[in-house]
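Down below is the structure, laid out as structure tokens.
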Amino acid sequence: MSAVHVTVLCAEALEALAIKPEGFYVDATFGRGGHSRAILARLGVSGRLLALDRDPEAIVSGSAINDARFRLVHQPFSEIDEAVRQAGWTGVDGVLFDLGVSSPQLDDKGRGFSFGAEDAPLDMRMDPTCGETAAEWLARAEVREITEVMRDYGEERFAFQIAKKIVAARSQQAIVTTGQLATLVRSAVRTREPGKDAATRSFQALRIHINQELGQLALALPKAVDLLNVGGRLVVIAFHSLEDRIVKQFMRRQAVPDHLPKGIPLRSCDLPAARLRLVGKARHPSAAEISANPRSRSAVMRVSEKIQ
């Protein structure tokens with residue numbers, strides 16, 4: 028049975044959004060609705076909340092929210108602009124992203140995100156209604172492709188060795204379960220990190236690749252800024268260094284545009300202007316939150332505000 032999803036940095040995210048009772052907000056990653064319910068509790072009668080998720084199970088979960096101010100759509104957050112347009116909105120006062128995989132997704136062995144269940148199907152799709160499963164991709168990918176995914180998305184030192192093991196093993200038997208993959212990875216990793224299963228990095232890498240998580244994020248962030256009204260807040264909670272790096276670099280570029288080389292004859296008004304200002308420093312869960320919810324330990328929240 029799936030565990031109850033515990034919303035991470037909920038109070039901090041609400042504070043960062045600086046919610047106005049009459050404001051229009053987007054929860055780009057509905058999950059099981061923890062942030063959405065908290066936002067609705069702060070909205071007035073004329074306030075509105077639009078939530079997105081690409082997991083059909085999240086949409087089913089959200090159907091329990093019976094609130095005229097709330098709209099939930101089955102779309103990836105890379106389509107946030109289209110979702111807002113279809114809602115008939117012209118702008119929003121805040122956008123929240125809570126990235127990564129949720130506890131129900133991790134704990135449902137049928138989804139294939141975790142190596143905890145030996146006989147679970149190797150799926151890993153956040154939207155099981157479309158796209159290629161992890162098993163299907165591993166069945167056709169070349170050593171080079173698998174190596175790149177494990178190295179780039181999992182920061183796995185033994186990416187090449189893992190890739191060779193996978194390709195050799197699949198010639199004898201199809202790799203279709205999480206247990207098969209975990210066993211292969213463990214046999215290829217020569218040194219172990221204390222307290223971490225040797226398969227952790229590879230499973231993260233494969234999940235990120237199958238769901239195109241980093242590409243989706245890179246598409247969504249500029250769209251979110253375009254949608255924000257002046258004074259609106261962009262709040263992003265990340266759970267690993269790769270996605271946090273994208274968020275950090277994006278916000279910094281929007282706050283301090285790249286300078287042009289000296290000698291170019293342009294007036295100051297022709298230079299690119301900052302669109303965001305950074306709000307405070309990166310926030311992390313408190314010791315108390317980590318103790319109550321160990322999965323929150325890697326979370327980092329970044330906040331920015333649109334200034335033009």
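Heads up, the final residue of the sequence shown is numbered 335 in my numbering, and it's a clean run with no missing numbers.
No residue lacks a Cβ here, since even glycine has one placed at the ideal position from N, Cα and C.
Asked                                                                                                                                                            : Found
Alpha carbons only, please: which of Ala319, Ala314 and Arg234 is nearest the one belonging to Glu163?                                                           : Arg234
Just confirm the distance between the C-beta atoms of Ala309 and Arg329, as a whole number of angstroms; I'd bet it's less than 8 Å.                             : 5 Å
From Ile46 to Arg69, what distance separates their C-alpha atoms?                                                                                                : 7 Å
What residues in its chain sit with their C-beta under 6 Å from that of Pro148, if we drop five residues either side in the sequence?                            : Gly139
Could you tell me whether the Cβ atoms of Val119 and Leu255 are closer together than 9 Å?                                                                        : yes
DSSP puts Asp80 in a beta bridge; with which residues?                                                                                                           : His101
Roughly how many angstroms lie between the CA atoms of Arg184 and Ala196, to the nearest whole one?                                                              : 20 Å
Compute the beta-carbon to beta-carbon distance between Ala251 and Ala282, rounded to the nearest angstrom, for a pair I have assumed lies under 8 Å.            : The Cβ separation is near 15 Å, so there is no contact.
Does the beta-carbon of Ser63 have 16 or more other beta-carbons within 10 angstroms, so that it is buried, or is it exposed?                                    : buried
Among Val176, Ala201, Gln200 and Gln199, which residue has its Cα nearest to the Cα of Ile189?                                                                   : Val176
Looking at Leu99 and Ile66, is the spacing between their C-beta atoms short of 9 Å?                                                                              : no
Could you tell me the alpha carbon to alpha carbon distance between Asp146 and Thr227, rounded to whole angstroms?                                               : 17 Å
Determine the contact status of Leu76 and Phe51, defining contact as a CB-CB distance below 9 Å.                                                                 : yes
Using 10 angstroms around the beta-carbon of Thr117, count the other beta-carbons present and answer buried if the total reaches 16, otherwise exposed.          : exposed
Counting C-beta neighbours from all protein chains within 10 Å, is the total for Asp253 16 or more, i.e. buried, or is it exposed?                               : exposed
Could you say which of Gly74, Arg59 and Asn93 lies nearest to Glu84 if we only look at CA atoms?                                                                 : Arg59
Name the one or two DSSP bridge partners that Ala265 has.                                                                                                        : Val327
Between Ala196 and the ligand ZN, is the CB less than 8 Å from at least one heavy atom?                                                                          : The model depicted lacks the ligand ZN and carries no ligand whatsoever.
Comparing the C-beta of Trp164 with each C-beta of chain C, is any distance below 9 Å?                                                                           : Included in the structure is just one protein chain, with no chain C present.
Consult DSSP for Val203 and reduce its assignment to one of helix, strand or coil.                                                                               : coil
Looking only at its chain, what residues have a beta carbon closer than 8 Å to the beta carbon of Lys191, apart from the 5 residues adjacent to it on each side? : Val170 and Ala215
So what does DSSP say about Arg44, is it helix, strand or coil?                                                                                                  : Before going on, a small fix: residue 44 reads as Leu here, not Arg. Of the three classes helix, strand and coil, the one that applies to Leu44 here is helix, per DSSP.
So Ser325 and His236 are supposed to be a Cβ contact under 8 Å. How far apart are they, rounded?                                                                 : Rounded, the Cβ-Cβ distance is 19 Å, inconsistent with contact.
Under 9 Å between the Cβ atoms of Val35 and Asn320?                                                                                                              : yes
Using the C-alpha atoms, what's the distance from Glu182 back to Leu208?                                                                                         : 17 Å
By how many angstroms is the C-alpha of Ala314 removed from the C-alpha of Pro249?                                                                               : 33 Å
Buried or exposed: Glu109, going by 16 or more other Cβ atoms within 10 Å of its Cβ?                                                                             : exposed
The alpha helix (DSSP H) with Gly61 in it runs from where to where?                                                                                              : Gly61 to Arg69
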